[in-house]
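Student:
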Amino acid sequence: MNSTEPPQQRPEESVTFVISKSTRNVFLAKILILLGLTLLAGYWFARDSANKYEKGRELTQEKYLERFDEYKGALLNAKQYDDNPLFATFIMLIVVSFLIGSYELTALIIGFIIGKVIRR
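Per my numbering, residue 14 is the first one in the sequence shown, and the count goes up by one each step.
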């Protein structure tokens with residue numbers, strides 16, 4: 014074998030990926046959705062954290078003790094959802110299915126729009 018010749022590839026070493034245009038468009042749409050959700054969630058968490066910090070700075074012991082019974086009642090009422098884990102699991106199944114379905118439908122719609130824009 015001459016040193017100037019490129020090395021020969023064996024058939025089992027080469028890999029070729031082929032994706033359709035619609036799959037590519039949906040993949041791009043999912044990346045855009047993920048980026049948008051990440052930015053939105055980051056903004057929301059930062060804003061929520063800043064609001065909680067400001068509330069903490071303004072909170073005094075007198076203000077806290079004024080509403081102690083209200084805080085305690087809210088904590089005790091929160092237990093009502095823990096009583097039936099089967100119901101909570103079923104509700105979470107519905108919510109998660111709706112979220113995933115919405116995500117996939119949004120990705121398909123945005124992928125379709127990307128396909129229309131690229132064709133022009």
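Quick reminder that beta carbons are idealized off the backbone N, C-alpha and C, glycines included. Only a predicted model underlies this, so the values are computations on that prediction, with no experimental measurement involved.
Span of the alpha helix (DSSP H) holding N90?
Tutor: Reading the sequence shown from its first residue, position 77 is the one you call residue 90. Start and end: 81 to 90.
Student: Are at least three pairs of beta-carbons, each pair with one atom in the stretch 117 to 131 and one in the stretch 29 to 48, less than 8 Å apart?
Tutor: yes
Student: I need the straight-line Cα distance from I46 to L52, nearest angstrom please.
Tutor: Residue numbering aside, residue 46 sits at position 33 when the sequence shown is read from its first letter. Residue numbering aside, residue 52 sits at position 39 when the sequence shown is read from its first letter. Approximately 10 Å between the Cα atoms of the pair.
Student: Alpha carbon to alpha carbon, how far is I113 from E71? Give it in angstroms, no decimals.
Tutor: By 1-based counting over the sequence shown, the position of residue 71 is 58. By 1-based counting over the sequence shown, the position of residue 113 is 100. About 40 Å.
Student: Give the straight-line distance between the Cα atoms of G55 and E26, rounded to the nearest whole angstrom.
Tutor: As a first step, residue 55 must be located in the sequence shown, where it is residue number 42. As a first step, residue 26 must be located in the sequence shown, where it is residue number 13. In a straight line, the C-alpha of G55 is about 42 Å away from that of E26.
Student: Between Y84 and V130, what straight-line distance do the alpha-carbon atoms span, to the nearest angstrom?
Tutor: Within the sequence shown, numbered from 1, the residue matching residue 84 stands at position 71. Within the sequence shown, numbered from 1, the residue matching residue 130 stands at position 117. Each residue's Cα considered, the two are about 53 Å apart.
Student: Going by other Cβ atoms of all chains shown within 10 Å of its Cβ, with 16 needed for buried, is I104 buried or exposed?
Tutor: As a working note, residue 104 is residue 91 in the sequence shown. Exposed, because fewer than 16 other Cβ atoms sit within 10 Å of the Cβ of I104.
Student: With distances taken from CA atoms, which of Y116, G128, I126, R132 is nearest L48?
Tutor: On the sequence shown, position 35 is the one that residue 48 refers to. Closest by alpha carbon: Y116.
Student: For the stretch 29 to 83, list the alpha helix (DSSP H) runs that are entirely contained and at least 4 residues long, ordered along the chain.
Tutor: 34 to 71, 74 to 79
Student: Residue range of the alpha helix (DSSP H) that E117 falls in?
Tutor: Position 104 of the sequence shown, counting from 1, holds the residue named residue 117. Its alpha helix (DSSP H) spans residues 98 to 132.
Student: Report back the beta-carbon spacing between Y128 and S35 to the nearest angstrom; my notes put them in contact at under 8 Å.
Tutor: If you number the sequence shown from 1, residue 128 lands on position 115. If you number the sequence shown from 1, residue 35 lands on position 22. In the sequence under discussion, the amino acid at residue 128 is Gly, which differs from the Tyr named in the question. Correct: roughly 7 Å between the Cβ atoms.
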